[in-house]
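Protein chains in written order, with the working numbering: chain A, 1 to 221; chain B, 222 to 506; chain C, 507 to 781.
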Amino acid sequence: MERHFEKDLNELKERLLWMGSLAERAVHQSVHAVLDSDEQLAKRVLDEEDAINELQLELDDRVVQLLALHQLMAADLRFVLAVSRINNDLERIGDQAVNIAQGALRILRHPRVKPYVDLPRMTEVVEEQVRNSLNAVVRRDVELAQKVMASDDQVDQYRDQIFRELLTYMMGDSSVVFPAFELILVAKNLERIGDHATNIAEDVIYIVQGQDIRHPSVDRR
Amino acid sequence: MSSNGRVRWRKFVSNFMMTMTGVCALISVSVLFFILGYLVYNGGTSINWAFFTQLPKPTGEIGGGMANAIVGSAKLLLAASLIGVPIGFLGGVYLAEFSGSFVASIVRYAADLLNGVPSIVIGIFAYSMVVLPFKGFSALAGAFALGVMMIPITLRSTEEFLKNVPNNLREGAMALGASKSKTIRTVIIPAAYRGILTAILLALARVAGETAPLLFTALGNPYWNRGWTQPIASLPVMIYYYALSPYEDYHRQAWAGGLVLLALILIINIVARTILARGIAVPRS
Amino acid sequence: MEASTKPSLSLNIATNPGAPGAREAFASLPMRMTVSKLNFFYGAKQILFDINMGVADKKVTALICPSGCGKSTLLRILNRMHETVSTSRLEGQILLDGQDIIAQDVTSLRRRVGMVFQRPNPFPKSIFDNIAYGPRINGAKGSIADIVEKSLRHAALWDEVKDQLHKSAYDLSGGQQQRLCIARALAVEPEVLLLDEPCSALDPISTAKIEELLVDLKNLTTVAIVTHNMQQAARVSDFTAFILTGQVIEFNPTPHLFTTPGDPRTEAYITGRFG
Numbered sequence: 001m002e003r004h005f006e007k008d009l010n011e012l013k014e015r016l017l018w019m020g021s022l023a024e025r026a027v028h029q030s031v032h033a034v035l036d037s038d039e040q041l042a043k044r045v046l047d048e049e050d051a052i053n054e055l056q057l058e059l060d061d062r063v064v065q066l067l068a069l070h071q072l073m074a075a076d077l078r079f080v081l082a083v084s085r086i087n088n089d090l091e092r093i094g095d096q097a098v099n100i101a102q103g104a105l106r107i108l109r110h111p112r113v114k115p116y117v118d119l120p121r122m123t124e125v126v127e128e129q130v131r132n133s134l135n136a137v138v139r140r141d142v143e144l145a146q147k148v149m150a151s152d153d154q155v156d157q158y159r160d161q162i163f164r165e166l167l168t169y170m171m172g173d174s175s176v177v178f179p180a181f182e183l184i185l186v187a188k189n190l191e192r193i194g195d196h197a198t199n200i201a202e203d204v205i206y207i208v209q210g211q212d213i214r215h216p217s218v219d220r221r
Numbered sequence: 222m223s224s225n226g227r228v229r230w231r232k233f234v235s236n237f238m239m240t241m242t243g244v245c246a247l248i249s250v251s252v253l254f255f256i257l258g259y260l261v262y263n264g265g266t267s268i269n270w271a272f273f274t275q276l277p278k279p280t281g282e283i284g285g286g287m288a289n290a291i292v293g294s295a296k297l298l299l300a301a302s303l304i305g306v307p308i309g310f311l312g313g314v315y316l317a318e319f320s321g322s323f324v325a326s327i328v329r330y331a332a333d334l335l336n337g338v339p340s341i342v343i344g345i346f347a348y349s350m351v352v353l354p355f356k357g358f359s360a361l362a363g364a365f366a367l368g369v370m371m372i373p374i375t376l377r378s379t380e381e382f383l384k385n386v387p388n389n390l391r392e393g394a395m396a397l398g399a400s401k402s403k404t405i406r407t408v409i410i411p412a413a414y415r416g417i418l419t420a421i422l423l424a425l426a427r428v429a430g431e432t433a434p435l436l437f438t439a440l441g442n443p444y445w446n447r448g449w450t451q452p453i454a455s456l457p458v459m460i461y462y463y464a465l466s467p468y469e470d471y472h473r474q475a476w477a478g479g480l481v482l483l484a485l486i487l488i489i490n491i492v493a494r495t496i497l498a499r500g501i502a503v504p505r506s
Numbered sequence: 507m508e509a510s511t512k513p514s515l516s517l518n519i520a521t522n523p524g525a526p527g528a529r530e531a532f533a534s535l536p537m538r539m540t541v542s543k544l545n546f547f548y549g550a551k552q553i554l555f556d557i558n559m560g561v562a563d564k565k566v567t568a569l570i571c572p573s574g575c576g577k578s579t580l581l582r583i584l585n586r587m588h589e590t591v592s593t594s595r596l597e598g599q600i601l602l603d604g605q606d607i608i609a610q611d612v613t614s615l616r617r618r619v620g621m622v623f624q625r626p627n628p629f630p631k632s633i634f635d636n637i638a639y640g641p642r643i644n645g646a647k648g649s650i651a652d653i654v655e656k657s658l659r660h661a662a663l664w665d666e667v668k669d670q671l672h673k674s675a676y677d678l679s680g681g682q683q684q685r686l687c688i689a690r691a692l693a694v695e696p697e698v699l700l701l702d703e704p705c706s707a708l709d710p711i712s713t714a715k716i717e718e719l720l721v722d723l724k725n726l727t728t729v730a731i732v733t734h735n736m737q738q739a740a741r742v743s744d745f746t747a748f749i750l751t752g753q754v755i756e757f758n759p760t761p762h763l764f765t766t767p768g769d770p771r772t773e774a775y776i777t778g779r780f781g
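As structure tokens, this is what we get:
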């Protein structure tokens, strides 16, 4: 028999996924505002920020009530606690997307520094990370989560690459310093988004296996 | 005495007492079988078809039966039930439902006293209440006497069995909108009916063998009884007369009558206890 | 993509009980029964002190308290079962749909306000006759068999007993008997159903079944439940009243009471720091 609290748990999951889809969209739109020099896209990201923040508050309320009113155990308990963490990461992703969008508006005022080569590639990887991490939550897919965590290094490399390139450009031509600097910040924000996606993937491991794999260097014995 | 000796003495005393109590129990049981056996031995041969179907032959003649006594006893018991059971039952219902009141405690006390009144005194009472006004011995008077004897047994048993019905059944019925009287009628009495039925049967068994109250109410009748205002023969009284008579044949028939009477009472008892054993329904806990 | 529309929320969770307006929204719900200035005595001893609360229409209201605080007494007053005790005395007003329950005929009140007791108390009759009892004595119109089936379905018992309606109710297990008692109470279509610790004599699986049933029942009738198990109150109820030594300390929507209780005594009780 499906119990009433299971319905509440399912609703919690649905709202979380909805928040995730909003965050995904914010990432996509904000980076493409930079890549396509699209002012409208950047403005849209700024408008939709509130929706993500509202969802964070709503999800935290639901978590508190589920914990208070129903004596959740085992996987249910881990899931609800993980939602609370994932919630945070998604909100941060939203914030980072807003930062990128604001950067896009500033970059727009200057001519393009260079053709964007690594940035689109980095964007693809990070968007895939975000998408996969949320899918891993839905499907409780440990392998997918591990794939997300594995691609973290690649994202870091892209960021370092972009940084080095732009540094060279800035040293060669002082007029491009402002836009180049903004681009470096965009890359940094994108890398942070990837980190948040990796956090979400770690939470999936916690939900499914009950193992807290954060900070592997800390001795847990 | 050494401790070992003390233990042996205690064991001996224990075993001795166990044996003695067992022997006494055996004696108690065997009395019943002894009586039964004696009756069968002495009266068994006289049980025949004629015994159950024929009227007594005139004094001195051999043969005949106790047909009228058997039917008469049945008739008296039926009428006694009609008098005693309704009064006892409804009185028991009253006592069970209003058990705290002052009137109830008086009724209860009086019923217990009535139960202890000697049966011959009840017979005298019936004589003055029925025989004198109607100016004659009658089946009605006999039924009246037996009915009065049935009242206290039925009343107290009904009360006990009704009170034993768990209170939460009452609450359940009342919570559904049943008034007190409806609750009694539709829930309490049906729940207790087995016990009450048993009580009635046991009351019947008790009065079936009473002789004294019938001696000067129903009297006796060598012929069939018609209606209610004539004297009527009954098994116990018949046995009494036959046993006192000087005729061998009558003695033989008295034995047979005693056997039949005892068998009847035993059967009623066994039936009653079987009904009761099938259980007053008790909810599974 | 469009902005999200809020999905339908399950009745146990408010969007945000702390939000301004949420409590008022709950408070403006219609009340099926109201209790005002109730003081209750057994002889000289006062049991309930100045009780003011309500039972919201088509919702589940729970009464919780540490043992012996009068929660069962309060519940039994709602259908005047307290009158079975001769020394009981009541002051104050209790209304059902705006009418004083003391002024009404008690047997018709009890048809409108039904009760299920702590220990299952089926009658020693068949399952069918148990359920049919209420409708029969209240002169129900229509097919009794239909009423019996409907009630057993509402009590989530139909599938288990539909082929054995003639069997004695005492052949059922404890949990089934309690569901039978619920079905029996539902058969007279009460406006309010009172349950006095209905699961305290049952095993955990039967308890879970009945808890699920209670949440569904609010579509049918208003429910008030007394429980010594506060987690049960948290699981099934929409409103909770916390009672201590015969007084209502707090009466709030359940999510509010269990996450941010208004009174420190409530907090002490629900965090287990009592006594």
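By construction, the Cβ of each residue, glycine as well, lies at the ideal position given by its N, Cα and C atoms.
According to the DSSP secondary-structure assignment, Tyr548(C) is paired through a beta bridge with Lys551(C) and Ser594(C). In this structure, DSSP gives Ile372(B) a helical state, which the three-state scheme calls helix. Taken atom to atom, the span from the alpha-carbon of Gly285(B) to that of Thr419(B) is near 35 Å. Against chain C, a Cβ distance below 7 Å from Val408(B) picks out Phe629.
Assigned with DSSP and collapsed to three states, Lys356(B) falls in coil, not helix or strand. According to the DSSP assignment, Asn758(C) belongs to the beta strand (DSSP E) that extends over Gln753 to Pro759.
The residue among Asp203(A), Val117(A) and Ala42(A) with its C-alpha nearest the C-alpha of Leu105(A) is Ala42(A).
Per DSSP, Leu298(B) lies in no beta strand (DSSP E) segment; the continuous alpha helix (DSSP H) that holds it begins and ends at Ala288 to Glu318.
Nearest neighbour of Ile755(C) by Cα position, chosen from Pro628(C), Pro572(C) and Pro704(C), turns out to be Pro572(C).
Neighbours of Asn389(B) in chain C, taken as residues whose beta carbon is under 8 Å from its own, are Phe623, Arg625 and Asn627 in chain order. Setting aside the 5 residues that flank it on each side, Phe634(C) is surrounded in the same chain by Val654, Leu671 and His672, each with a C-beta closer than 7 Å to its C-beta; the list follows chain order. Residue pairing by DSSP places Ser542(C) opposite Gln599(C) in a beta bridge. Within the model, the alpha-carbon separation for Tyr639(C) versus Glu58(A) is close to 49 Å. Residue pairing from DSSP places Leu699(C) in a beta bridge opposite Gly620(C) and Val729(C). No Cβ of chain A is located within less than 9 Å of the beta carbon of Thr713(C).
Residue pairing by DSSP places Thr567(C) opposite Ala730(C) and Phe745(C) in a beta bridge.
With contact defined as three or more Cβ pairs closer than 8 Å, the region 365-381 of chain B and the region 393-408 of chain B are not in contact. In this structure the region 190-198 of chain A touches the region 86-99 of chain A; the number of beta carbon pairs closer than 8 Å is three or more.
Put simply, of Asn644(C), Lys551(C) and Asp606(C) the residue whose alpha carbon is nearest the alpha carbon of Asn585(C) is Asp606(C). Close CB contacts of Leu422(B) within its chain, under the 6 Å cut and outside five residues either way in sequence, are with Ile489 and Ala493 (chain order). Annotation for Phe319(B): Ala325 place their beta carbon closer than 8 Å to its own, counting only its chain and skipping 5 residues before and after. Take the alpha-carbon of Tyr468(B) and the one of Thr379(B): they are about 46 Å apart. Along the region 720-744 of chain C, going in chain order, the ones with a CB nearer than 7 Å to a CB of chain A are Val721, Gln737, Ala740 and Arg741. The beta-carbon of Thr590(C) is placed no less than 9 Å from the nearest beta-carbon of chain A.
Note on Asn10(A): under 16 other CB atoms within 10 angstroms of its CB, so exposed under the neighbour-count rule. Per the DSSP secondary-structure output, Ser674(C) pairs in a beta bridge with Ser632(C). Secondary structure note for Ile248(B): its alpha helix (DSSP H) is the uninterrupted segment Ser224 to Gly264. By the Cβ criterion, the region 470-490 of chain B is in contact with the region 247-264 of chain B, since at least three pairs of Cβ atoms, one from each stretch, lie closer than 8 Å. Assignment of beta-bridge partners to Pro452(B) by DSSP yields no partner. Nearest to Met371(B) by alpha-carbon distance, out of Leu353(B), Leu299(B) and Ile327(B), is Leu299(B). The DSSP-derived three-state label of Ile283(B) is coil. About 6 Å separates the Cβ atoms of Thr765(C) and Gln65(A), confirming a contact at the 8 Å cut-off. DSSP, read as helix, strand or coil, puts Val561(C) in strand. Under the three-state reduction of DSSP, Met537(C) is assigned to strand. Listed in chain order, the positions of the region 60-79 of chain A with a beta carbon within less than 7 Å of a beta carbon of chain C are Asp61, Arg62, Val64, Gln65, Ala68, Leu69, His70 and Gln71. Contact between Pro457(B) and Glu431(B) holds: their C-beta atoms lie close to 6 Å from each other, under 8 Å.
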